[in-house]
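**Student:** In our numbering, the protein residues as written are 10 to 132. Glycine included, each C-beta is placed from N, C-alpha and C at the ideal position.
What follows is the structure, encoded as structure tokens:
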């Protein structure tokens with residue numbers, strides 16, 4: 010039996026982060042976080058590896074773009090999950106990354122994770 014896929018959640022809204030965590034754990038994934046800031050995400054990434062990530066774009070007065078850049082550099086798949094439009098992403102190379110809008114139901118979350126992070130479970 011293989012180890013569960015490890016997914017980092019970067020989300021500053023506590024209840025949304027916990028809902029994502031619970032949903033992903035019920036699907037059999039191991040969740041790192043949720044963490045509310047890029048600083049906390051980078052600290053976690055430097056001490057623990059992940060197989061993929063779900064990033065909120067806007068994190069209070071910060072964005073998750075630095076985390077996305079790190080994930081790209083380390084070839085870790087991810088997608089954005091945000092309440093904002095794609096115009097809130099300023100880095101042109103990040104505009105090409107998958108972006109989903111909140112709220113996201115469990116079925117859509119499962120499909121997005123299979124499509125972008127856990128391709129072994131994709132149909």
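Between 109, 68, 119, which lies nearest to residue 36 when the distance is taken from Cα to Cα?
**Tutor:** Ranking the options by Cα distance to residue 36, first place goes to 119.
**Student:** Determine the direct distance from the alpha carbon of residue 121 to that of residue 132, and round the result to whole angstroms.
**Tutor:** With a pLDDT of 43 at residue 132, under the threshold of 50, the modelled position of that residue is not reliable, and the figure given next carries that caveat. Taking the straight line from one Cα to the other gives about 12 Å.
**Student:** Just the Cα atoms here: how many angstroms apart are residue 124 and residue 111?
**Tutor:** The straight-line gap from Cα to Cα measures roughly 18 Å.
**Student:** Bridge partners for residue 110 per DSSP, in chain order?
**Tutor:** 91, per the DSSP bridge assignment.
**Student:** Who are the near neighbours of residue 14 in its chain, counting only those whose CB is closer than 6 Å to its CB and skipping five residues on each side?
**Tutor:** Only 38, 60, 127 meet the Cβ criterion.
**Student:** Assess contact between the stretch 41–58 and the stretch 86–105, defined as three or more Cβ pairs (one per stretch) separated by less than 8 Å. Is contact present?
**Tutor:** Cβ pair count under 8 Å is below three, so no.
**Student:** Tell me the rounded alpha-carbon separation between residue 80 and residue 58.
**Tutor:** Taking the straight line joining both Cα atoms gives about 11 Å.
**Student:** Just list the residues that DSSP pairs residue 15 with in beta bridges.
**Tutor:** 39.
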